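Per the working numbering, the sequence shown starts with residue 1, numbered consecutively.
Virtual Cβ for every residue (Gly too), placed ideally from N, Cα, C.
Computed from a prediction, not measured in an experiment: that's the story for all the values here.
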Amino acid sequence: MFLAPIRQFSPGATIVIESYRYPNARLVIFSRAPQAGFSKTRLIPVLDAQGAADLQARLLRRTVELAVRSRLAPVELWCTPSCDHPIFGELASAHPIALFAQIEGDLGVRMADALCTVLATADAALLIGTDCPALERGHLAACLDALIAGHDAVLLPAEDGGYVAIGLRHPAPWLFTEIAWGTDLVMEQTRAKLLDQDWSWQEPAVLWDVDDPADWVRMSHDYPELAG
Numbered sequence: 001m002f003l004a005p006i007r008q009f010s011p012g013a014t015i016v017i018e019s020y021r022y023p024n025a026r027l028v029i030f031s032r033a034p035q036a037g038f039s040k041t042r043l044i045p046v047l048d049a050q051g052a053a054d055l056q057a058r059l060l061r062r063t064v065e066l067a068v069r070s071r072l073a074p075v076e077l078w079c080t081p082s083c084d085h086p087i088f089g090e091l092a093s094a095h096p097i098a099l100f101a102q103i104e105g106d107l108g109v110r111m112a113d114a115l116c117t118v119l120a121t122a123d124a125a126l127l128i129g130t131d132c133p134a135l136e137r138g139h140l141a142a143c144l145d146a147l148i149a150g151h152d153a154v155l156l157p158a159e160d161g162g163y164v165a166i167g168l169r170h171p172a173p174w175l176f177t178e179i180a181w182g183t184d185l186v187m188e189q190t191r192a193k194l195l196d197q198d199w200s201w202q203e204p205a206v207l208w209d210v211d212d213p214a215d216w217v218r219m220s221h222d223y224p225e226l227a228g
């Protein structure tokens, strides 16, 4: 059982529910603080520690702006290791979003807790990371459309075997256990769990994220504005 700890909301954040296509759904953004040596560590050999952190900050800003501009659902930004980094406060002041602190634990524990917490009051939740420069409004809309249409889950697989987004209509902590996070087995293992539970799900698109130097080269070519 996942017990939701007290969360930290951004001061003055206003969620105008009437203005969203799916006001009872949530867009949940998961992000590390862009601290040197803490984020995008596999890119440090190419960008150095501060350069990798700066890239994380640019990707975070892009993801928040995309989610807010989509006007599909209220947006929540879940932060680690805390909500104290200045960029989180900056984004909360500039956009109608709420800040939440992720709990401690591996990625599965943190995602399960966040989705269980959100789905205690929301009809559907779509959790996205900040590493996918190819993510667009149409992908977010397709995912939320699938959930609202009645599918139990939705995923946007990544080319490397993981996924860049996962959406649920029901809390499912079992979906995040015994997964080899950070490997090319993540999507395969997740599908197996969904099949085992006889859940209905959709995969609207396959995308890619920026994790290693080869991804950096690809991003620099396709999205030079994010390269810095």
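For the beta strand (DSSP E) that residue i lies in, which residues bound it at each end?
i, result
"residue 80", "75-80"
"residue 31", "25-32"
"residue 101", "97-101"
"residue 128", "124-128"
In or out: residue i buried (at least 16 other Cβ within 10 Å) or exposed?
i, result
"residue 219", "buried"
"residue 106", "exposed"
"residue 41", "exposed"
"residue 69", "exposed"
"residue 130", "buried"
"residue 76", "buried"
In the DSSP assignment, the alpha helix (DSSP H) including residue i goes from what residue to what residue?
i, result
"residue 231", "The requested residue 231 does not occur in the structure, where the chain is confined to residues 1 to 228."
"residue 72", "No alpha helix (DSSP H) contains residue 72, which DSSP labels as neither H nor E."
With distance defined between alpha-carbon atoms, name the residue in the options nearest to residue i.
i, options, result
"residue 22", "32, 57, 147 and 193", "147"
"residue 64", "79, 52, 110 and 186", "79"
"residue 198", "153, 111, 40 and 136", "153"
"residue 142", "205, 62, 89 and 67", "205"
"residue 31", "71, 66, 88 and 201", "88"
Given residue i, which residues of its chain have a CB within under 8 Å of its CB, disregarding the five upstream and five downstream residues?
i, result
"residue 160", "184, 208, 209 and 211"
"residue 20", "71, 72, 73 and 74"
Report all residues from its chain with a CB closer than 7 Å to the CB of residue i; omit the five preceding and five following residues, and keep chain order.
i, result
"residue 223", "133"
"residue 214", "none"
"residue 46", "213 and 216"
Check whether the Cβ atoms of residue i and residue j sit closer than 8 Å, and answer yes or no.
i, j, result
"residue 85", "residue 49", "no"
"residue 25", "residue 122", "yes"
"residue 155", "residue 190", "yes"
"residue 128", "residue 27", "yes"
"residue 171", "residue 126", "no"
"residue 228", "residue 58", "yes"
Could you tell me whether the Cβ of residue i comes closer than 8 Å to any Cβ of chain B?
i, result
"residue 110", "Here there is only one protein chain, and chain B is not present."
In chain order, what residues of the same chain lie with their CB nearer than 6 Å to the CB of residue i, ignoring the 5 residues before and after it?
i, result
"residue 44", "52"
"residue 102", "78, 80 and 110"
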